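With the UniProt record's numbering as the guide, the letters of the sequence shown map in order to residues 1 to 261.
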Amino acid sequence: MKIDFAGAFYKKTEESSFKMKFVSGTKECVLLHFYNPMVITLDGKQIETQANACILYRPGTPQIYWCKNNEFENDYIKFLPADMTFFNDFQIPFDEIFYVTNADIIRREMTDITYFLTERYENHDHELLDRLCKVLSNLQNNRLYPSIKTKRESEIRFRLNQLRKKVSENPEKWTVDLMADDFFLTRSHFSVLYKKTFGVTPQSDIHFFVNEKALKLLNTTELSVQEISQKCGYNECENFIRAFKKTNGVSPHQYRKQKGE
């Protein structure tokens with residue numbers, strides 16, 4: 001997975017007058033860990049945190065925070081994965097405050113990331129990805145939950161993300177019924193839960209991932225449309241062509257021709 005890093009710092013100290021105010025957020029994801037109690041604005045509401053609060057900002061989410069009357073220390077990483085499914089392997093929510101038991105769990109990795117981004121004489125892409133994954137894993141494993149309900153909701157979201165990742169890798173092999181069975185729920189209950197989590201129905205997601213696979217095969221291979229339709233799970237090529245045109249506005253043949261011009 002390609003990750004673009006825009007910056008990082010271990011135990012950066014900010015003056016008492018400092019106030020972060022990016023009302024339009026940033027183009028990268030930003031992971032923050034605060035050593036001091038902070039005031040963080042989320043959805044227009046000011047939240048006073050305890051020490052060892054963390055937050056993972058999604059790109060575009062407003063970032064507004066400060067410390068009352070004191071200087072403060074924080075760790076941060078600004079980064080952007082080539083594919084946001086990178087986060088499916090980690091049980092960490094976006095744009096929510098959570099706590100960790102001990103800041104030492106990420107100390108070594110944060111120190112390494114800070115060093116690798118300032119040491120320009122060698123390529124450290126592999127090491128940076130390794131340390132970032134360790135930071136996220138350690139935060140996930142040492143995350144404190146404010147309630148049993150919150151923990152259960154987070155676990156459900158994590159399992160859904162894992163299932164969605166499996167579907168995206170081989171969408172032609174999945175149906176809504178199979179997804180529901182994998183989650184040990186009825187089709188109707190699963191569909192409601194899925195849409196509440198991702199904002200789309202599971203059937204719509206299957207269609208989306210199948211279409212993405214079709215586009216990739218048309219762009220990167222010389223397989224015939226018939227062969228691609230079979231790899232996308234269609235028994236009848238005509239049905240594949242009809243579905244492709246409905247989604248993309250052109251037939252697979254026209255799409256490939258346009259890309260080749």
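A virtual CB, placed ideally from N, CA and C, is assigned to each residue, including glycine.
Since we're looking at a predicted model, the values are computed, not measured.
Taking C-beta separations shorter than 8 Å and ignoring five residues to either side along the sequence, the partners of Thr-247 in its chain run His-207 and Asn-211, following chain order. Counting only runs of 3+ residues, no beta strand (DSSP E) is found wholly inside the stretch 118 to 187. In terms of CA proximity to Gly-25, Gly-60 leads the group Leu-132, Gly-60, Thr-111 and Ser-224. For Thr-13, the enclosing beta strand (DSSP E) has its first and last residue at 3 to 14. Remark: C-beta atoms of Leu-163 and Asp-182 approach each other more closely than 8 Å. Sixteen is the threshold: when 16 or more other Cβ atoms of the shown chains lie within 10 Å of the Cβ of Leu-136, as they do, the residue is buried. Between Phe-116 and Glu-127 the beta-carbon gap is near 6 Å, inside 8 Å, which marks them as a contact. In the DSSP assignment, Leu-223 falls outside any beta strand (DSSP E), carrying neither H nor E. If you draw a straight line from the Cα of Ile-3 to the Cα of Lys-78, it is about 10 Å long. Residue pairing by DSSP places Pro-81 opposite Ile-3 in a beta bridge.
The count of Cβ pairs closer than 8 Å, one atom from the stretch 31 to 41 and one from the stretch 57 to 75, reaches three, so the stretches are in contact.
Within the same chain, and ignoring the five residues on either side of Gly-233 in sequence, the residues whose Cβ sits closer than 6 Å to its Cβ are Glu-172. In the structure shown, Phe-34 falls within a strand segment according to DSSP collapsed to helix, strand and coil. Ile-47 is bridged by DSSP to Ile-40. Around the beta carbon of Phe-184, fewer than 16 other beta carbons lie within 10 angstroms, which makes this residue exposed.
By the CB criterion at 8 Å, Asn-138 and Ile-106 fall inside the cutoff.
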